[in-house]
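As they're listed, the protein sequences go chains A and B. Using our numbering, you'd call the opening residue of the first sequence number 17 and step up by one each time. Using our numbering, you'd call the opening residue of the second sequence number 17 and step up by one each time.
Number of protein chains: 2
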Amino acid sequence: MYTIGQIAEMFQLPVSTIRYYDKEGLFPDLKRSSGIRQFGPKEIEALRVIECLKKSGLEIKDIKLFMEWCSKGSDTYAQRRELFLRRKEIVEQEIAKLERVLDMIRFKCWYYEQAMQDGNEDHLNELVPNHLPPEIQKLYDHAHEK
Amino acid sequence: MYTIGQIAEMFQLPVSTIRYYDKEGLFPDLKRSSGIRQFGPKEIEALRVIECLKKSGLEIKDIKLFMEWCSKGSDTYAQRRELFLRRKEIVEQEIAKLERVLDMIRFKCWYYEQAMQDGNEDHLNELVPNHLPPEIQKLYDHAHEK
DNA sequence: CCAATACCTAAAGTCAGATTCAGGTATTGG
DNA sequence: CCAATACCTGAATCTGACTTTAGGTATTGG
């Protein structure tokens, strides 16, 4: 069993954040001894899942629902699985979006390199679209398409 | 030239958001005719860049700085290029993090499928770590490593 | 034993990024 | 010409996720 300070150290989180998570109901089975929180393996796994679900874009109030499902036992396996399947889709979409963002960024890096070589960006604005080197045209199209 | 309503339609953004961006200084060269904003190609490209920089995690106040550099002309090419190079690193790191999140999510999907087949998750908790199918062990390690 | 340290709560404050509101001005189509 | 619609402003409000503050209680090491 660990104190809140040890857990804070372990996850590199401020103590206040962990208290906040508790207040929001993210540790439904957390035990106490004379008022002091006692974190066990269940809460450690919960924090790993919280990290994961947060990065997947899930809000605290929905993470709370998930943690309540976990407390309810085997009746909620299907719901829990559905939630992770949905998060999987969301994260895959997010990665796809970021790949498009990267294309735009790579195009801009190329663009400013050209502009620096040439001393101005005027002809570049005229060039775009349809007269770029094919490698760069691809980045441009990908970044600017609807 | 377009009105704010047409631009809102074009980018699928609320009119209020575009006004907010203007108030924050994201269109330093925006023209007006009798008080009404007139959006030209420059502002349209600005919005595309705003979209990109926002998704890369840049804050509005820093996007404002970038837009000011754009207004200043060729003196700022190097700064602008540096900014995009930095965003490239940030986004690449973000994608890497999301890939790890995906590993955790895939593990959880597998886990709940097993639990549903077996009717409980008790033996799964004992199993973890080191007795998983190798394909799944990899996901687990990747998701749980420090 | 007692001071320093770590823990506790409830409530208020912060921050970014919008969104809404109240009260007005400009444009447009029948 | 005039009603409906789209535009304008500044100020206030909202949201999510924390963080800080004020005032206390519990534990621990010398």
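Backbone N, C-alpha and C fix where the C-beta goes; we use that ideal spot for every residue, glycine too. Predicted model only: the values in this text are computed from it and were never measured.
With a Cβ-Cβ cutoff of 7 Å, do residue i and residue j count as a contact?
i: Tyr-156 (chain A); j: Tyr-128 (chain B); result: no
i: Ile-76 (chain A); j: Arg-53 (chain A); result: no
i: Ser-87 (chain B); j: Pro-44 (chain B); result: yes
Just how far apart, CA to CA, sit residue i and residue j?
i: Leu-118 (chain B); j: Phe-100 (chain A); result: 10 Å
i: Met-17 (chain B); j: Lys-80 (chain A); result: 48 Å
i: Ser-72 (chain A); j: Phe-27 (chain A); result: 18 Å
i: His-160 (chain B); j: Glu-67 (chain A); result: 11 Å
i: Lys-70 (chain B); j: Asp-78 (chain B); result: 10 Å
i: Arg-122 (chain A); j: Glu-110 (chain B); result: 16 Å
i: Leu-42 (chain A); j: Ser-49 (chain A); result: 19 Å
i: Tyr-37 (chain B); j: Pro-57 (chain A); result: 46 Å
Give a yes or no on whether the minimum CB-CB distance between residue i and chain A is below 7 Å.
i: Phe-123 (chain B); result: no
i: Ser-87 (chain B); result: no
i: Phe-100 (chain B); result: yes
i: Leu-81 (chain B); result: no
i: Met-120 (chain B); result: yes
i: Lys-70 (chain B); result: no
Kindly indicate if chain B contains any beta-carbon less than 7 Å away from that of residue i.
i: Ile-111 (chain A); result: yes
i: Ala-24 (chain A); result: no
Which residues does DSSP pair with residue i in a beta bridge?
i: Gln-54 (chain B); result: B:Lys-47
i: Tyr-37 (chain A); result: None, per the DSSP bridge assignment.
i: Tyr-18 (chain B); result: B:Phe-55
Hey, out of the options, whose CA is closest to residue i's CA?
i: Arg-116 (chain A); options: A:Glu-105, A:Gly-89, A:Gly-41, A:His-158; result: A:His-158
i: Thr-62 (chain B); options: B:Val-31, B:Glu-84, B:Ser-49, B:Arg-48; result: Note that residue 62 (chain B) corresponds to Ala in the displayed sequence, not to Thr. When only C-alpha atoms are compared, the closest one is B:Glu-84.
i: Lys-124 (chain B); options: A:Lys-88, A:Arg-103, A:Phe-55; result: A:Arg-103
i: Leu-46 (chain A); options: A:Phe-55, A:Glu-40, A:Lys-39; result: A:Phe-55
i: Val-107 (chain A); options: B:Gln-133, B:Ala-24, B:Met-120, B:Ile-34; result: B:Met-120
i: Trp-126 (chain A); options: B:Ser-49, B:Arg-96, B:Val-31, B:Gln-130; result: B:Arg-96
i: Met-132 (chain B); options: A:Ser-90, A:Tyr-37, A:Leu-148, A:Ala-112; result: A:Ser-90
i: Gln-130 (chain B); options: B:Leu-148, B:Thr-33, B:Arg-35; result: B:Leu-148
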